[in-house]
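Note that the numbering used here gives residue 600 to position 590 of the sequence shown, counting from 1, and the numbers run on in steps of one.
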Amino acid sequence: MIGVFTLLGVFTGAVHAAEFSSSNFKIDGVLGGSYSGAVSSTSYGLAAVGGESIVGNGSGGSYMLGQGYTSHLQQSLQLNVQPANVIGYFPLDEAIGTRAYDASANNNPLAFSGTPTWTTGKLGGGITTSSGNTLSSVSNPSYSYSALSVCSWAKITTVGTNPTIVSQSDGGMNSDNMWSLGFGSTSSTPKVFIKLGGTLYSTTSSSSLGTGNWGHICFTYNGVDLKIYVNGLETGSTTINQAVSATSGVGLYIGARTVSNTLEGSVDEVKIFSAALSDDEVRNEYDAQLKNIPSSLSLGEITPGTSKTADYDAIVQTDAPGYSLAVNQNHDLSNGGNGAAATYSQDFDGFSNGTTLTTVNTSFDNFSVSGSGTFTASTSAPLLHSTYGRMATTTSSTFIARKDYASTSERYYRFYMRLSSIPAATQTIFSVRGAGSTVSNLRLQSDGTIILRDGVIGVDTSTTAMTANKWTRFELYYNSTTQRQVLRIYHDDVKDGTAPSEVLTGSATNGATDDVQIGLITSQASQNLDIDDFATGTSGWFGPAADDTIPAISSGNIAAPVAWSEGSTKGLGFTLLAAPSLDIKWGSGANYAAYPGSSTTFFTRSGYLNGAKDTVEMRTRLDVATTQPPGGYQNTVTIVGTSTP
């Protein structure tokens, strides 16, 4: 099995079962991707080597292997990598049977009530629930927490009376510490309830998900503020100021509050945390899962000169007598974006200074110019990353670059922009269009603030402002199906960060989009407008486009970890805090090793108890020099579990 997580200055962590190996064979998790045999049907492959057999994503009277531990296949293994504060995790990937297993260390399975249906989820499999057809805990889970977060992907198909995605409650929410995450009555708007101090509190999202659409829905409570998030962004909050603790005597339910308030729809990736996630952590969960990585682990914004740690668990279950875990990173930490695929991007770095930029050499589909204006590659200081494009006017004119794409209701955009002066009158700088009409645009006002508009109607205005000769990064999400758009603004010194200077939201009611325009869309005189790292696509937020790096720690490796010296040790490292038969070389978390560039065994287990869960508690640690550029950094770390027959 493989555990993969992305380290971000924020740190994304995750794993779905993807690889099985033994001394005789190895399957990489892709249908037909066997190193030791052929696919024998369109739905599964079966190979036997050295007396061992394996089947991928198939089922029969005597075997089944999906993404997880399967006790009736000899030598099967499940590996899950999760933040240490995850106390319940239901990937809902079983695809067969009448029970959903808890992939966290707590191991609280859910049983079917009625006949909910296995279905395609947002990540792998999922579950469809309806009246009388839900899931509930086999026994009341014994959680412990003083702060709480719950996240899930959900899709509502029919509105009802407070349809519930996941809850720990009775139908009436009668006792303190009960909670329920779902939707408001007769709507597709996410809503959360919690009972504290004898009072039932709730928070409703400011935006609707719409019926038939998958959405990532979370709530957090830190003892003061109850917050709700939709698709990575906070959309509502209520101040409560009441202590919270785990409820007792009440089961955990998916698709209902006991038998009431059932969800007509689908659920996937239910996760419960014993902490109130930060805005960054919620957003990272959402961004990671858009890339089919089930979890994230956040170190927060890089703080030069101060080390930060984050704990995570490698959870193993197998029926083999032993196993080993190996780890590697794909490259040093880099702040080069979050990896979402772009259908079109342009960074201008392939052009030398002064090159005339045309539709041919930039792959823009059209340039529109009125009056006098030029579009050239420029490297004049201060640089952003390398070369950028400069739209320059000398008389009253416009200069617009247009990019066409297939019509879609949902699309993401990222671009960097800098102006030589803030216009004296309101200027349109970015326009999203569909069938030749504007569906969304950004307008720059004379004080440097930004208006986000639905068509030609302003829906939100920034309080932060652009400054002349300073770069700003813009990230826009537009979705006409859910009738929602979100603009993230990153000014000046945070232009490559993960925490925006400001987030604007509003309606998006004007239909699908099929092209975008960027530039001096309203006539301007004697203006330089610089653009860089423009990208658009449908797979997720793009993040920063910088390429600064942070190396692994220079001393300490898996063979010989060394003690972390606060203030002196710089870079990225990891350690083992606790595990069965933990090797003394780790010093119970005092000694650190660099993440290696190739897969290297860091933990070996013998004398394993058949079918139990092992938890290898790990910690990552990061410190950088005071000269390190701030922002969000990432790489990908892979943990491979191999059973020992």
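Quick reminder that beta carbons are idealized off the backbone N, C-alpha and C, glycines included.
Run of the alpha helix (DSSP H) containing residue i, from where it starts to where it stops
i      : result
ASP543 : First-last for ASP543: 538-547, but that is the beta strand (DSSP E), not the alpha helix (DSSP H).
ASN371 : 369-372
Exposed unless 16 or more other CB atoms sit within 10 angstroms - verdict on residue i
i      : result
GLU485 : buried
VAL449 : buried
ALA569 : exposed
HIS395 : buried
ALA298 : buried
LEU393 : exposed
ALA435 : exposed
GLY107 : exposed
ASN7   : Not covered by the structure: residue 7. The range shown for the chain is 11 to 655.
LYS165 : buried
VAL96  : buried
SER305 : buried
LEU539 : buried
GLY275 : buried
SER591 : exposed
ALA258 : Note on identity: in this sequence residue 258 is Ser, with Ala being the wrong assignment. It is exposed - the Cβ of SER258 has fewer than 16 other Cβ atoms within 10 Å.
ILE467 : exposed
PRO126 : buried
VAL674 : Residue 674 is absent from the structure shown; the chain starts at 11 and stops at 655.
GLY61  : Interpretation of GLY61 is limited by its pLDDT of 39, a score under 50 that renders its predicted location unreliable; the figure taken from the coordinates is listed afterwards. The residue in question, GLY61, is exposed, as its Cβ has fewer than 16 Cβ neighbours within 10 Å.
GLU576 : exposed
LYS595 : exposed
VAL148 : exposed
N- and C-terminal bounds of the beta strand (DSSP E) containing residue i
i      : result
ASP289 : Taken as a continuous stretch (DSSP letters only), ASP289 belongs to no beta strand (DSSP E), being part of the alpha helix (DSSP H) at 289-300.
ASN489 : 482-489
GLU244 : 243-249
GLN356 : 354-356
VAL176 : 174-178
ALA416 : 407-418
GLY468 : 467-471
In DSSP terms, what residue i is bridged to
i      : result
LEU145 : PHE122, ILE264
GLU274 : THR168
TRP442 : Reading off the sequence shown, one finds Val at residue 442, where the question assumed Trp. Paired residue(s): SER450, VAL526.
PRO93  : TYR322
SER162 : ILE227
VAL626 : ALA324
MET401 : PHE385, LEU539
GLY516 : GLN495
VAL634 : Partner(s): none; VAL634 has no beta bridge.
LEU592 : DSSP, once it has assigned bridges, lists no residue as partnering LEU592.
ASN376 : ARG412
TRP9   : Nothing in the structure corresponds to residue 9, since the chain is present only between 11 and 655.
Residue i versus residue j - alpha carbon distance
i      : j      : result
PHE203 : SER195 : 12 Å
SER218 : TYR231 : 21 Å
ASN251 : TRP189 : 16 Å
THR5   : VAL650 : For residue 5 there is no data in the structure shown, the boundaries of the chain being 11 and 655.
VAL504 : ILE264 : 40 Å
THR477 : SER255 : 47 Å
TYR239 : ASP470 : 18 Å
VAL292 : TYR422 : 19 Å
ALA445 : SER185 : 54 Å
LEU102 : ARG109 : 9 Å
ALA253 : VAL442 : 46 Å
THR404 : VAL379 : 12 Å
PRO639 : LEU632 : 14 Å
PHE30  : SER653 : Residue confidence for PHE30 is low, a pLDDT of 40 falling below 50, so the modelled location carries little weight; the figure read from the coordinates is stated next. C-alpha separation (whole angstroms): 8 Å.
THR171 : SER152 : 29 Å
LYS201 : ASP278 : 17 Å
THR459 : THR473 : 6 Å
GLY383 : ILE541 : 15 Å
ALA635 : GLY315 : 5 Å
SER177 : ALA324 : 26 Å
ASP464 : THR368 : 30 Å
THR130 : GLU295 : 20 Å
Presumed contact (8 Å Cβ cut-off) between residue i and residue j, rounded CB distance
i      : j      : result
LEU582 : TYR605 : 6 Å
THR611 : SER334 : 5 Å
ASN10  : ASN340 : As shown, the chain starts at 11 and ends at 655. That puts residue 10 outside it, with no answer to give.
SER146 : SER123 : 5 Å
ALA211 : LEU236 : Before going further, note that residue 211 is Tyr rather than Ala in the sequence given. That pair is a contact at about 6 Å.
ASN116 : THR492 : Going by Cβ atoms, the distance from ASN116 to THR492 rounds to 34 Å, so no, they are not a contact pair.
PHE409 : LEU530 : 5 Å
SER565 : VAL572 : 5 Å
THR418 : THR548 : 6 Å
ALA475 : ASP457 : 6 Å
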